[in-house]
Amino acid sequence: MDAGHQPRWNVQGGRGPAGAVRPGRRPQGSRDHRLLPDRCARRPLVVRAEVPAGLPAGTQLRRELGGVGEPARPPGAEVRPVAGPGPGRANLPRLLTLGAAALVLAAALARLTSRADPRAGLFWLFGLGFGFVLQRSRFCFASAFRDLFLFGHARVMRGILGGLTVATAGFAVLMARMVPDPGLGAVAPEAHVIPLGIHMIVGGLLFGIGMVLAGGCVSGSMYRIGEGYVASAVALVGIMAGLGLGAHSWNFWWQASIGRSPLVWLPRFGGYGVAVGVTLALLAAAYLLVTWWETRQGYVLPAPVPPPVGESFRERVEATLHTVMVRGWSPVVGGVALGTLNVFLYTAHMPWGVTGEISRWAIGLLNAAGWGPGPLKGTEELAACALTAGNGPWLTHTLTLNVGMVAGSFAAALLAGEFRLRRPKERRRFLQAIAGGVLMGYGATLAMGCTLGAFFSAIPSLALNGWVFGLALAAGAWVGVQVIRRIP
Numbered sequence: 102m103d104a105g106h107q108p109r110w111n112v113q114g115g116r117g118p119a120g121a122v123r124p125g126r127r128p129q130g131s132r133d134h135r136l137l138p139d140r141c142a143r144r145p146l147v148v149r150a151e152v153p154a155g156l157p158a159g160t161q162l163r164r165e166l167g168g169v170g171e172p173a174r175p176p177g178a179e180v181r182p183v184a185g186p187g188p189g190r191a192n193l194p195r196l197l198t199l200g201a202a203a204l205v206l207a208a209a210l211a212r213l214t215s216r217a218d219p220r221a222g223l224f225w226l227f228g229l230g231f232g233f234v235l236q237r238s239r240f241c242f243a244s245a246f247r248d249l250f251l252f253g254h255a256r257v258m259r260g261i262l263g264g265l266t267v268a269t270a271g272f273a274v275l276m277a278r279m280v281p282d283p284g285l286g287a288v289a290p291e292a293h294v295i296p297l298g299i300h301m302i303v304g305g306l307l308f309g310i311g312m313v314l315a316g317g318c319v320s321g322s323m324y325r326i327g328e329g330y331v332a333s334a335v336a337l338v339g340i341m342a343g344l345g346l347g348a349h350s351w352n353f354w355w356q357a358s359i360g361r362s363p364l365v366w367l368p369r370f371g372g373y374g375v376a377v378g379v380t381l382a383l384l385a386a387a388y389l390l391v392t393w394w395e396t397r398q399g400y401v402l403p404a405p406v407p408p409p410v411g412e413s414f415r416e417r418v419e420a421t422l423h424t425v426m427v428r429g430w431s432p433v434v435g436g437v438a439l440g441t442l443n444v445f446l447y448t449a450h451m452p453w454g455v456t457g458e459i460s461r462w463a464i465g466l467l468n469a470a471g472w473g474p475g476p477l478k479g480t481e482e483l484a485a486c487a488l489t490a491g492n493g494p495w496l497t498h499t500l501t502l503n504v505g506m507v508a509g510s511f512a513a514a515l516l517a518g519e520f521r522l523r524r525p526k527e528r529r530r531f532l533q534a535i536a537g538g539v540l541m542g543y544g545a546t547l548a549m550g551c552t553l554g555a556f557f558s559a560i561p562s563l564a565l566n567g568w569v570f571g572l573a574l575a576a577g578a579w580v581g582v583q584v585i586r587r588i589p
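Sequential numbering from 102 applies to the sequence shown in the numbering used here.
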C-alpha cells in the first residue's frame with residue numbers, strides 16, 4: 102500500500118494467537134488490554150481488533166458503539182486495511198474545486214443572511230467553522246465519556262480538557278473586561294452561570310444516559326447529520342420531543358428547584374485570579390485522573406504516523422490540503438480549535454450553545470399544533486441555553502450558528518470523500534436513537550444546556566454548575582454503557 106494512503110480498519114471480533122502483540126494494546130499475558138478505537142467509535146481505527154475475555158465481539162460490539170459500522174466478519178477472520186484517499190495528483194484539482202465552491206457558497210449565504218441581520222452572516226461563518234472542526238476531528242462528547250467506561254481510553258476526553266483550558270483563559274480575559282469587580286454581585290453578561298440545584302444533577306444523569314443510547318450528544322448528532330447519518334437525524338427529532346416534554350414540566354421544576362437555586366460564580370469568591378487558578382488546577386487533576394484510568398485499564402497510546410511530505414511545491418500543497426481536509430485531526434487539535442472558536446464566539450456575542458435554539462423550534466411546533474406549554478416562568482432571567490419561546494423573529498444568531506454547523510460538517514465530509522447516507526440495518530437502532538434523544542432533550546431542559554452550553558461553555562465561564570453537570574454526565578454515561586451492554 103502506498104505510504105501516502107492512510108489505512109482504515111474495520112472492527113472485528115476474532116481472537117489472535119496466544120502471545121500476539123496488537124498495536125495499541127499490551128501483549129497478551131499483561132494485566133489487562135483493551136481495544137484501540139479511532140477518534141470516534143463510529144469509525145474505529147484498529148490494526149487488529151481482537152477481543153479479550155469480557156469484551157463483546159462482532160455485532161454485539163457494533164451494537165454497543167451505536168449500531169453503525171461495517172458488517173461483522175466471521176470470528177478469526179483477518180482484518181484487511183481499506184486505503185483512504187491519499188494525496189495523489191488527482192486530489193489537488195478536486196479539493197481546490199470543492200473548496201472554492203464551498204467558499205463561494207458560504208460567502209453568498211453569509212451575504213444573504215446579513216441583509217436581514219448585519220451580524221447573522223458572522224454567526225453563519227462561526228457555525229461553518231464549528232461543524233468543520235467537529236467532523237474533521239470526530240469530536241463527540243458522547244464518545245469521550247462513553248469510551249472511558251467501554252474501552253478504558255480518554256483520547257477524546259483529553260481533547261475536551263485541552264479545549265476547556267484554552268476557553269477558560271480566553272473567557273477570563275473577556276469577563277474581566279465586562280465585570281472588573283465580580284465581588285459587587287454582578288455576573289458577566291451571557292456567561293453560562295446557571296442556578297445550581299438538584300435539577301442540574303438530574304439533567305446531567307438523563308443527558309448522559311441518553312447520549313450513550315443515541316450514539317452521540319446534540320452537537321455530535323448535528324455534525325453526523327452533515328455526514329449522512331440517518332440515525333442522528335432521528336436522534337435530533339427525539340431531542341426536540343424531549344425539549345417539548347421538558348417545556349411542559351418547566352414550571353414545576355422552576356418552583357421545585359430552579360427558581361430557588363443559587364448562582365455560584367467562582368470569581369465572586371476571591372476574584373478572577375483565584376477562580377482561574379482553581380479551574381486550571383481542576384482541569385490538570387482531571388487530566389491526571391483520566392491518564393491513570395487509561396493506565397489502569399491497560400490502554401497503550403499508539404505512536405502517531407507523520408503525514409507524507411513531498412519535495413516539489415505541488416506535492417507540498419497537496420500534502421497540506423490532505424492533512425487539513427482529508428486526514429483526520431487528533432482530538433486534542435480539535436478540542437483546542439473548538440475552544441479557540443468558542444472564545445471568538447463569546448467576543449462576538451455569546452458562548453457556544455445549541456439547545457436553546459432547538460427548543461425554540463420544538464416549542465414553535467407545539468404552539469402551531471395547539472399543544473404549547475404556555476408561559477414559562479423565569480426563562481427570561483436565565484443565561485446559557487434555557488428554553489426559548491417559539492415566537493419572535495425567525496432569523497436569529499443561534500439559528501444561523503446551528504444550521505452552519507450542519508453545513509460545515511457536510512462540507513468537511515464532502516471534501517474528505519466521507520459523505521454518504523448511512524441507514525441503520527436494524528430497526529431497533531431507530532428506537533434507541535429516539536429514546537436517547539428524548540432523554541437528552543429533557544435533561545438539557547433541566548440543565549439549561551447540553552454538553553456545550555452546560556459543560557463546554559459553563560466551565561470556562563468559571564461557573565460551578567459546569568463541574569456538577571460534568572460529574573452527573575459521567576455518571577449517566579456509565580449507566581448508559583451498562584444499558585447498551587444488555588441490549589439484545
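No residue lacks a Cβ here, since even glycine has one placed at the ideal position from N, Cα and C.
Original post:
Taking buried to mean at least 16 other C-beta atoms within 10 Å of its own C-beta, is A154 buried or exposed?
Top reply: Against the sequence shown, residue 154 aligns to sequence position 53. Because A154 sits at a pLDDT of 46, beneath the cut-off of 50, its placement in the model cannot be relied upon, and the point is left open.
**OP:** Give a yes or no on whether the C-beta atoms belonging to V427 and A508 are separated by under 7 Å.
**Re:** The sequence position of residue 427 within the sequence shown is 326, counting from 1. The sequence position of residue 508 within the sequence shown is 407, counting from 1. Not in contact: V427 and A508 (Cβ atoms no closer than 7 Å).
Original post:
What residue ranges within the segment 298-359 form continuous alpha helix (DSSP H) runs of no fewer than 4 residues, ordered along the chain?
Top reply: 299-315, 319-328, 331-349 and 351-357
Original post:
What three-state label does DSSP hand A287 in the structure shown?
Top reply: The residue given as residue 287 occupies position 186 in the sequence shown. Reduced to three states, the DSSP call for A287 is coil.
Original post:
Within the present structure, is the beta-carbon of G339 separated from the nearest heavy atom of the ligand FAD by less than 6 Å?
Top reply: This structure lacks the ligand FAD; in fact it carries no ligand of any kind.
Original post:
Can you tell which of L297, P474, G493 and F308 has the C-alpha that lies nearest to the C-alpha of G339?
Top reply: Residue mapping note: residue 339 aligns to position 238 of the sequence shown, counting from 1. Comparing Cα positions, the closest option is F308.
**OP:** Could you please give me the residues that DSSP links to A633 through a beta bridge?
**Re:** It is not possible to answer for residue 633, since the shown part of the chain is limited to 102 through 589.
Subject >> Stretch pair the segment 286-296 + the segment 550-569: three plus CB contacts closer than 8 Å >> reply: yes
Subject >> Euclidean distance between Cα positions of A438 and M301 >> reply: By one-based count along the sequence shown, residue 438 stands at place 337. By one-based count along the sequence shown, residue 301 stands at place 200. Taking the straight line joining both Cα atoms gives about 28 Å.
**OP:** Quick one: measure Cβ to Cβ for F557 and W453, integer angstroms, because I've assumed they're closer than 8 Å.
**Re:** Your numbering for residue 557 matches position 456 in the sequence shown. Your numbering for residue 453 matches position 352 in the sequence shown. About 7 Å; that satisfies the 8 Å criterion.
Subject >> Residue(s) in a DSSP beta bridge with R523 >> reply: Along the sequence shown, read from residue 1 onward, the residue named residue 523 stands at position 422. Per DSSP, Y330.
Original post:
Do A463 and L384 have their C-beta atoms closer together than 7 Å?
Top reply: By 1-based counting over the sequence shown, the position of residue 463 is 362. By 1-based counting over the sequence shown, the position of residue 384 is 283. Against a cut-off of 7 Å, the Cβ pair of L384 and A463 comes out as no contact.
Original post:
Excluding five sequence neighbours on each side, which residues of the same chain lie with their C-beta closer than 6 Å to the C-beta of V580?
Top reply: Position 479 of the sequence shown, counted from the start, is the residue given in the question as residue 580. Excluding residues within five positions, the ones whose Cβ falls inside 6 Å are I310.
Original post:
For V267, which of V294, T441 and P432 has the nearest alpha-carbon?
Top reply: The count along the sequence shown starts at 1 and reaches residue 267 at position 166. Answer by Cα proximity: T441.
**OP:** Tell me whether the beta-carbon of A243 lies closer than 7 Å to the beta-carbon of G321.
**Re:** Taking the sequence shown and counting its residues from 1, the one referred to as residue 243 is at position 142. Taking the sequence shown and counting its residues from 1, the one referred to as residue 321 is at position 220. Taking 7 Å as the Cβ cut-off, A243 and G321 qualify as a contacting pair.
Original post:
For the putative contact between G436 and G228, defined by C-beta atoms under 8 Å, what is the C-beta separation to the nearest angstrom?
Top reply: Counting from one through the sequence shown, the residue named residue 436 turns up at place 335. Counting from one through the sequence shown, the residue named residue 228 turns up at place 127. Their Cβ separation, rounded to whole angstroms, is 18 Å, which puts G436 and G228 out of contact at 8 Å.
Original post:
Do K478 and N566 come within 7 Å of each other at the CB atom, strictly closer than that value?
Top reply: For this step, residue 566 is matched to residue 465 along the sequence shown. For this step, residue 478 is matched to residue 377 along the sequence shown. Contact flag unset, no.
Original post:
Using DSSP with H/G/I as helix, E/B as strand and the rest coil, what is G371?
Top reply: Looking up residue 371 in the sequence shown gives position 270. In the structure shown, G371 sits in coil (DSSP, three-state: anything other than H, G, I, E or B).
**OP:** Run the CB neighbour count on R361, radius 10 Å, all protein chains shown included, and call it buried at 16 or more, exposed below.
**Re:** Residue mapping note: residue 361 aligns to position 260 of the sequence shown, counting from 1. Label assigned to R361: exposed.
Original post:
Any idea what DSSP makes of A211, helix, strand or coil?
Top reply: The residue you call residue 211 lines up with position 110 of the sequence shown. A211 falls in the helix class under three-state DSSP.
Subject >> At least three beta-carbon pairs within less than 8 Å, the segment 233-251 to the segment 513-528 >> reply: yes
Subject >> Separation of M451 from A292, as counted between CA atoms >> reply: In the sequence shown, the residue the question calls residue 292 occupies position 191. In the sequence shown, the residue the question calls residue 451 occupies position 350. Straight-line Cα distance between these residues: approximately 7 Å.
Original post:
Quick one, are the C-beta atoms of A315 and G544 less than 7 Å apart?
Top reply: Translated into the one-based positions of the sequence shown, residue 315 becomes position 214. Translated into the one-based positions of the sequence shown, residue 544 becomes position 443. It is not a contact, given that the beta carbons lie outside the stated cut-off.
Original post:
Going by Cα to Cα distance, which pick from L574, R586, W568 and L389 is closest to L367?
Top reply: As a first step, residue 367 must be located in the sequence shown, where it is residue number 266. For the residues L574, R586, W568 and L389, the minimum Cα distance to L367 belongs to W568.
Subject >> Straight-line gap, A357 to L204 (C-alpha atoms, nearest Å) >> reply: In the sequence shown, residue 357 corresponds to position 256, counting from 1. In the sequence shown, residue 204 corresponds to position 103, counting from 1. One C-alpha to the other measures close to 49 Å.
Subject >> CB of F520 within 7 Å of CB of G329, strictly >> reply: One-based indexing of the sequence shown puts residue 520 at position 419. One-based indexing of the sequence shown puts residue 329 at position 228. Yes.
Original post:
Which word fits P283, buried or exposed, when buried means at least 16 other C-beta atoms lie within 10 angstroms of its C-beta?
Top reply: Working through the sequence shown from its first residue, we reach residue 283 at position 182. Buried, because 16 or more other Cβ atoms sit within 10 Å of the Cβ of P283.
**OP:** Classify S244 as helix, strand or coil using the three-state DSSP reduction.
**Re:** Along the sequence shown, read from residue 1 onward, the residue named residue 244 stands at position 143. S244: helix per DSSP, three-state reduction.
Subject >> Bounding residues of the alpha helix (DSSP H) (the contiguous stretch that carries S431) >> reply: The residue you call residue 431 lines up with position 330 of the sequence shown. Where S431 is concerned, there is no enclosing alpha helix (DSSP H), given that its DSSP letter is neither H nor E.
**OP:** Could you spell out where the alpha helix (DSSP H) holding R461 opens and where it closes?
**Re:** For the purposes of this step, residue 461 is taken as the residue at position 360 of the sequence shown. Taken as a continuous stretch (DSSP letters only), the alpha helix (DSSP H) holding R461 covers T456 to A469.
Original post:
Less than 7 Å separating the beta-carbons of A245 and V257?
Top reply: Against the sequence shown, residue 245 aligns to sequence position 144. Against the sequence shown, residue 257 aligns to sequence position 156. Yes, the pair counts as a contact, with Cβ atoms nearer than the cut-off.
Original post:
Can the beta-carbon of G429 be found closer than 7 Å to that of W225?
Top reply: As a working mapping, residue 429 is identified with position 328 in the sequence shown. As a working mapping, residue 225 is identified with position 124 in the sequence shown. Cβ atoms of G429 and W225: not closer than 7 Å.
Original post:
Going straight from the alpha carbon of A573 to that of L265, what length do you get?
Top reply: Within the sequence shown, numbered from 1, the residue matching residue 573 stands at position 472. Within the sequence shown, numbered from 1, the residue matching residue 265 stands at position 164. The straight-line gap from Cα to Cα measures roughly 18 Å.
Subject >> Chain-order list of residues whose beta-carbon lies under 6 Å from that of C486 (same chain, five-residue window excluded) >> reply: The residue labelled residue 486 in the question sits at position 385 within the sequence shown. The answer, listed in chain order, is G454, T456, G457, M549, G550 and G554.
Subject >> Alpha carbon of I299 to alpha carbon of W355, nearest angstrom >> reply: Position 198 of the sequence shown, counting from 1, holds the residue named residue 299. Position 254 of the sequence shown, counting from 1, holds the residue named residue 355. If you take the alpha carbons of I299 and W355, they lie about 11 Å apart.
**OP:** Measure the alpha-carbon distance for T421 versus R415 and round it to whole angstroms.
**Re:** Working through the sequence shown from its first residue, we reach residue 421 at position 320. Working through the sequence shown from its first residue, we reach residue 415 at position 314. Rounded to the nearest angstrom, the two C-alpha atoms are 10 Å apart.
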